[in-house]
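K.L.:
If you scroll down you'll find the structure; I have some questions about it.
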Amino acid sequence: MAAPTTAADLVVAPSKPEDNYLTHDKGILSWIFTLDHKRIGLMYLVSVLVSFALGGFFALVVRTELLTPGKTLITHDQFNQAFTLHGAVMVFLVIIPGIPAALGNIILPLQLGAKDVAFPRLNLMSYHLWVLGALFLLASMVISAADTGWTFYVPYSTSTTTAVIPAVFGAFILGFSSIFTGLNFIVTIHKLRPPGMTWFRMPLFLWALYATAVIQVLATPVIGITLLMLIVERLVGLGIFDPSLGGDPVLFQHFFWFYSHPAVYIMIVPAFGVISELICAFSRKPIFGYKFIALSSLAIAFLGFLVWGHHMFTSGQSVLAGAIFSAITFLIAIPTAIKIFNWLATMYKGRIHLDTPMLYALAFLWVFTIGGVTGVFLATMSVNVHLHDTYFVVAHFHYVMMGGSITAFMGGLHYWWPKFTGRMYPERAGRVGAILVFLGLNFTFFPQFILGTRGMPRRYYNYLPEFTGLHQFSTIGAYILGAGFLLTAIYLLKSVRSGPKAPANPWGATTLEWTCQSPPPYYNFHEAPVVNRGPYDNYDKLRFDKKSRGYVPAE
Amino acid sequence: MSSSLIANIAAQPPQPQSPASPDYWMPFPASTVAGEVDWLYDFIFWLSTAVSFAIFAVMILFAVRYRARGREENELADKTSEHNTALEITWSVIPLFLVIAIFVWGFKGYVNLRTVPKEALEVHVQAQKWSWLFTYPNGYTDTELHVPKDRDVRVVIQAVDVLHSLFIPAFRVKMDAVPGRYTDLWFNATEAGTYPIFCAEYCGTAHSDMLSRVIVHEPGGFEAFLEQAQDLEKQMPPAELGEQLYRRQGCAACHSVDGSVQVGPTWKGIFGATHAMTDGTSVVVDENYLREAILEPQARIRQGFPPSMPTYKGKLEDYQLTALIEYIKTLK
Chain A
203 MAAPTTAADL VVAPSKPEDN YLTHDKGILS WIFTLDHKRI GLMYLVSVLV
253 SFALGGFFAL VVRTELLTPG KTLITHDQFN QAFTLHGAVM VFLVIIPGIP
303 AALGNIILPL QLGAKDVAFP RLNLMSYHLW VLGALFLLAS MVISAADTGW
353 TFYVPYSTST TTAVIPAVFG AFILGFSSIF TGLNFIVTIH KLRPPGMTWF
403 RMPLFLWALY ATAVIQVLAT PVIGITLLML IVERLVGLGI FDPSLGGDPV
453 LFQHFFWFYS HPAVYIMIVP AFGVISELIC AFSRKPIFGY KFIALSSLAI
503 AFLGFLVWGH HMFTSGQSVL AGAIFSAITF LIAIPTAIKI FNWLATMYKG
553 RIHLDTPMLY ALAFLWVFTI GGVTGVFLAT MSVNVHLHDT YFVVAHFHYV
603 MMGGSITAFM GGLHYWWPKF TGRMYPERAG RVGAILVFLG LNFTFFPQFI
653 LGTRGMPRRY YNYLPEFTGL HQFSTIGAYI LGAGFLLTAI YLLKSVRSGP
703 KAPANPWGAT TLEWTCQSPP PYYNFHEAPV VNRGPYDNYD KLRFDKKSRG
753 YVPAE
Chain B
456 MSSSLIANIA AQPPQPQSPA SPDYWMPFPA STVAGEVDWL YDFIFWLSTA
506 VSFAIFAVMI LFAVRYRARG REENELADKT SEHNTALEIT WSVIPLFLVI
556 AIFVWGFKGY VNLRTVPKEA LEVHVQAQKW SWLFTYPNGY TDTELHVPKD
606 RDVRVVIQAV DVLHSLFIPA FRVKMDAVPG RYTDLWFNAT EAGTYPIFCA
656 EYCGTAHSDM LSRVIVHEPG GFEAFLEQAQ DLEKQMPPAE LGEQLYRRQG
706 CAACHSVDGS VQVGPTWKGI FGATHAMTDG TSVVVDENYL REAILEPQAR
756 IRQGFPPSMP TYKGKLEDYQ LTALIEYIKT LK
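So the protein sequences, as listed, match chains A and B.
Residue numbering for the first sequence is 203 to 757, as defined by our numbering.
Residue numbering for the second sequence is 456 to 787, as defined by our numbering.
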């Protein structure tokens with residue numbers, strides 16, 4: 203005979219305040235097979251940061267080798283492998299997943315006030331695919347690291363004896379991971395916005411992730427097919443790219459850049475989103491020109507599909523094609539420039555707090571401006587002929603990728619660190635790290651503009667003695683950069699254990715992720731929030747609370 | 456005169472070196488297009504510098520001027536407009552006009568770079584791992600590019616293995632060498648002297664050593680050089696000439712002289728040896744076999760090697776062939 207059910211049996215145990223997504227389940231399997239977007243995002247974050255350390259290690263090897271014109275440290279072939287691994291790791295394992303898959307995975311549902319992404323299982327699968335792809339890249343590294351450059355240009359990539367196939371197959375798998383993340387984000391943003399959050403009430407980070415997701419879904423399949431054809435060509439001599447079999451090596455370049463140029467926007471558009479969040483939160487003001495910034499992300503995503511030929515002005519491509527690619531490239535410069543003006547206008551008459559995330563945002567404005575204007579040199583066809591494949595290009599894309607994407611990633615990482623971990627990082631060390639990174643970046647890459655203009659080609663193991671001074675300057679810059687990141691790694695790791703407990707809203711930001719506790723509960727929100735305002739309204743309805751060191755509703 | 460010529464075609468060419476440039480950024484300008492390219496580069500440079508510093512100045516000004524006192528103060532930002540149509544149109548339209556102007560100048564310059572003048576002197580270059588082989592109208596081949604001053608020169612580019620890119624910074628020209636098709640570039644050198652040539656498209660192990668020089672001759676000097684270069688060959692000891700041809704004709708890409716096996720058999724100790732052929736016969740390598748192997752490489756192929764050697768029939772004069780064979784004989 204069963205005991206009668208009493209009222210007490212029906213009461214749901216209230217969630218304890220210390221119960222959050224980090225403590226909700228225990229054991230390694232509860233992480234590997236979790237469906238929680240925050241845990242998946244955190245695993246992405248750790249993986250991306252480990253990859254970043256690996257890619258950074260190869261960068262330092264490359265820069266150290268270039269201290270002297272001849273041999274300094276390693277052989278020709280090892281150098282070629284080192285710069286290939288640096289590029290492939292940084293592009294495929296760090297920058298592409300960095301902001302969307304690591305930061306976005308945690309923040310996107312939180313900014314929507316949602317419980318999770320639309321397809322949690324797909325989300326987990328995309329992480330598992332990322333791990334699988336990374337393992338293939340590692341396999342190539344262990345067998346005989348590819349020495350093709352991250353661009354895998356044929357016919358070199360079909361004729362070299364190094365393990366190109368594992369590396370290419372790794373990139374192929376990583377492509378699927380990226381597509382699934384994009385697909386998931388598109389559906390999530392369409393279907394899981396909370397009541398009252400119209401498109402133009404979405405935080406700009408979500409607009410940026412949305413534009414990025416569209417590119418991921420539309421462009422990545424092209425690189426997938428191209429890489430697959432490369433593998434088949436290498437295995438059985440398909441003859442699509444190899445001229446001795448009737449193929450055309452320039453066709454590969456078209457296919458490759460048809461993806462890889464939009465991929466540049468996969469890397470930088472999310473950074474725009476992060477910067478918009480940071481500038482508002484630390485200027486304590488709504489963004490200037492919200493609609494323009496939101497829609498320009500989409501415009502850039504669209505135009506980004508039509509400019510791939512500007513990588514090929516010296517490939518023998520027709521003058522007419524080149525002219526069209528050049529013209530559209532210049533068009534993209536306009537919305538990009540306006541975004542910078544908008545961010546500056548947002549700071550105007552704000553009340554600016556120079557915490558670490560804001561220092562990274564200001565560093566971004568500085569470095570990305572240089573990256574942007576040097577893009578104008580490269581878009582100019584006659585000047586491009588001289589600068590193409592020189593260190594000028596290396597400097598330009600490092601200013602954009604490293605200076606733009608990574609700086610924004612670091613800013614976002616510090617901004618959301620309290621939300622992710624429930625701990626504050628040490629502010630003073632954070633600022634020192636940000637300043638070291640900023641200085642290191644400029645010392646490393648600015649001399650490379652001069653090197654390239656003077657004619658120093660890229661991917662050179664040996665170089666003419668006349669370039670020695672600038673190369674050494676650049677290498678010293680790389681060490682400063684390395685020191686900045688090492689310091690950052692140390693204090694972040696320490697803060698996980700011993701940092702002060704983070705309040706729900708340490709920065710007084712107005713987007714929804716700051717309304718749930720830090721770290722968020724397993725189900726994010728006790729009840730779905732209702733939105734009746736713009737994402738950056740109501741700074742005046744928040745008040746700093748000295749006791750919790752965070753912001754609370756004013757009344 | 457003749458000693459400098461010998462230096463020019465010595466076995467190990469000196470490392471190229473850029474002449475001192477009047478500009479801190481751009482290398483020494485030595486072609487008719489350099490001035491135009493540099494002018495546009497400088498225009499963008501100063502415009503970029505001005506725009507960048509304006510942005511940095513405003514950014515620093517705002518960060519200092521509007522810096523908050525502290526979180527405890529609970530300061531609120533001043534109310535400002537979130538739009539300003541006039542301002543937004545201004546900062547969109549002015550950059551738009553500027554980039555249109557830059558685009559048009561860049562396009563014009565590019566059309567000029569890609570439109571080869573008629574009656575240009577033609578030099579063919581074959582790019583291969585990891586050397587450049589320039590062939591002049593009289594058939595002379597060298598790893599360095601000799602050109603006359605003040606004359607349009609068209610370089611027709613081809614690649615035998617992977618992508619390369621012919622880059623002459625002093626002339627502001629660059630063009631990829633693509634296997635399976637011809638590409639070209641042209642220039643008109645305005646200053647006599649020597650300037651570096653680089654390979655700009657990554658091509659494997661010794662990519663960074665695929666260097667050469669362009670030597671711009673004063674009027675008359677180029678013709679004299681070509682004539683003498685070929686005459687000089689006839690006055691050299693055959694084995695010495697053979698060693699030069701080994702390098703200049705690209706033999707080194709597939710045949711080693713130190714015993715290591717590359718695509719083709721090594722030349723070290725090959726003369727006088729007996730080797731099995733793919734057709735089952737065996738051959739004693741003597742002068743006649745070497746001559747046949749160079750002129751009709753597919754006739755008899757040594758076991759264990761691919762039939763990938765191109766014929767040199769018509770590419771080598773008889774005395775050059777003899778010189779090569781004499782050189783092979785010295786490699787014991």
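Yeah, the Cβ is synthetic: ideal placement off N, Cα and C, and Gly gets one too.
As the structure is a prediction and not an experimental result, all values here were calculated from the model.
I'd like to know whether the C-beta atoms of SER485(A) and THR548(A) end up nearer to each other than 8 Å.
P.N.:
A contact, by the Cβ cut-off of 8 Å.
K.L.:
Please list the partners that GLY552(A) has in chain B, where partner means a Cβ-to-Cβ separation under 9 Å.
P.N.:
In chain order: PHE517, TYR521, ALA523, ALA532, ASP533, THR535.
K.L.:
Compute the Euclidean distance between the alpha carbons of GLU267(A) and SER446(A), then round it to the nearest angstrom.
P.N.:
Between GLU267(A) and SER446(A), the C-alpha separation is close to 36 Å.
K.L.:
For PHE648(A) and GLY642(A), I'd like the C-alpha separation in whole angstroms.
P.N.:
Answer to the nearest angstrom: the Cα atoms are 10 Å apart.
K.L.:
If we call anything under 8 Å between Cβ atoms a contact, is PRO659(A) one with PHE680(B)?
P.N.:
For PRO659(A) and PHE680(B), no; Cβs fall outside 8 Å.
K.L.:
TYR479(B) by DSSP, collapsed to three states: which one?
P.N.:
TYR479(B) falls in the coil class under three-state DSSP.
K.L.:
Does PHE566(A) have its Cβ less than 8 Å from a Cβ in chain B?
P.N.:
So no, PHE566(A) is outside the interface.
K.L.:
Answer yes or no: do PHE517(B) and ILE554(A) have a C-beta to C-beta separation smaller than 8 Å?
P.N.:
In this structure, ILE554(A) lies closer than 8 Å to PHE517(B) by Cβ.
K.L.:
Answer yes or no: does any C-beta atom of chain B fall closer than 8 Å to that of ILE692(A)?
P.N.:
No, its Cβ sits nowhere closer than 8 Å to a Cβ of chain B.
K.L.:
Roughly how far, in whole angstroms, is the beta-carbon of TRP587(B) from the beta-carbon of ARG609(B), given that I think they are within contact range, below 8 Å?
P.N.:
Contact flag wrong, Cβ pair sits at about 16 Å.
K.L.:
Using the DSSP secondary-structure output, state which residues sit across from ASP597(B) in a beta bridge.
P.N.:
Per DSSP, PHE589(B).
K.L.:
Run through chain B and tell me which residues come within less than 8 Å of ALA535(A), C-beta to C-beta.
P.N.:
What ALA535(A) touches in chain B: PRO550, VAL554.
K.L.:
Quick test of your reading: TRP585(B) and MET514(B), contact by CB under 8 Å. State the CB separation rounded to the nearest angstrom.
P.N.:
Incorrect: roughly 47 Å between the Cβ atoms, too far for contact.
K.L.:
Per DSSP, which residues does SER737(B) bridge with? Please list them.
P.N.:
Partner(s): ALA731(B).
K.L.:
Determine which residues of the region 734-755 of chain A have a Cβ less than 7 Å from any Cβ of chain B, and write them out in chain order.
P.N.:
For the region 734-755 of chain A, which is checked against every Cβ of chain B, the residues closer than 7 Å are TYR741, ASP742, ARG745, PHE746, LYS748.
K.L.:
Do you know offhand how far PHE594(A)'s Cα is from GLY594(B)'s?
P.N.:
When rounded, the distance between both Cα atoms is 37 Å.
K.L.:
What does the Cβ neighbour count give for TYR741(A), buried or exposed, with the cut at 16 atoms within 10 Å?
P.N.:
Buried.
K.L.:
Do ASN386(A) and VAL476(A) come within 8 Å of each other at the CB atom, strictly closer than that value?
P.N.:
In this structure, ASN386(A) does not lie closer than 8 Å to VAL476(A) by Cβ.
K.L.:
Enumerate in chain order the residues of its own chain whose CB-to-CB distance from HIS710(B) is below 6 Å, with the five nearest sequence positions on each side excluded.
P.N.:
Within the same chain, HIS710(B) has close Cβ partners GLY719, TRP722.
K.L.:
So is GLN472(B) in contact with chain A if we call contact Cβ pairs under 8 Å?
P.N.:
Output row for GLN472(B): interface = yes.
K.L.:
Under three-state DSSP, which class holds TYR650(B)?
P.N.:
In this structure, TYR650(B) counts as strand in the three-state DSSP scheme.
K.L.:
Work out the CA separation of VAL578(B) and ALA303(A) for me, nearest whole Å.
P.N.:
Looking at the two C-alpha atoms, the distance is approximately 53 Å.
K.L.:
Please report the residue range of the beta strand (DSSP E) in which MET630(B) lies.
P.N.:
Start and end: 628-632.
K.L.:
Answer yes or no: do GLY635(B) and SER584(A) have a C-beta to C-beta separation smaller than 8 Å?
P.N.:
Contact: no.
K.L.:
Mind checking if PHE709(B) is an interface residue toward chain A, Cβ cutoff 8 Å exclusive?
P.N.:
What sits at residue 709(B) in the sequence shown is Cys, not Phe. CYS709(B) does not count as touching chain A.
K.L.:
Name the chain B residues that come within less than 7 Å of ILE502(A), Cβ to Cβ?
P.N.:
Near ILE502(A) there are no residues of chain B at all, since even the closest Cβ is about 14 Å away, more than 7 Å.
K.L.:
Who are the neighbours of LEU750(B) on chain A, taking C-beta pairs under 8 Å?
P.N.:
What LEU750(B) touches in chain A: nothing, since even the nearest Cβ is about 23 Å away.
K.L.:
Could you tell me whether the Cβ atoms of ALA632(B) and THR638(B) are closer together than 8 Å?
P.N.:
Yes, they are a contact pair.
K.L.:
Are at least three pairs of beta-carbons, each pair with one atom in the region 452-470 of chain A and one in the region 354-374 of chain A, less than 8 Å apart?
P.N.:
Output reads yes: the region 354-374 of chain A touches the region 452-470 of chain A.
K.L.:
Once the 5 residues before and after GLN753(B) are set aside, which same chain residues still bring their CB inside 7 Å of it?
P.N.:
The residues are PRO762.
K.L.:
So what's THR266(A) in DSSP terms, helix, strand or just coil?
P.N.:
Helix, per DSSP.
K.L.:
Could you compute how far the alpha carbon of LEU689(A) sits from the alpha carbon of ILE301(A)?
P.N.:
Near 21 Å, if we compare the C-alpha coordinates of ILE301(A) and LEU689(A).
K.L.:
Compare the beta carbon distance of VAL471(A) and SER499(A) with 8 Å and say whether it is the shorter of the two.
P.N.:
In this structure, SER499(A) lies closer than 8 Å to VAL471(A) by Cβ.
K.L.:
By the three-class DSSP mapping on this structure, what secondary structure does ASP639(B) have?
P.N.:
It is a strand residue.
K.L.:
Strictly under 8 Å for the Cβ-Cβ distance: is ASN726(A) near chain B by that measure?
P.N.:
No, its Cβ sits nowhere closer than 8 Å to a Cβ of chain B.
K.L.:
Under 7 Å between beta-carbons, which chain B residues line up against THR516(A)? List them in chain order, please.
P.N.:
Per Cβ cutoff of 7 Å: SER620, LYS629, MET630, ASP631.
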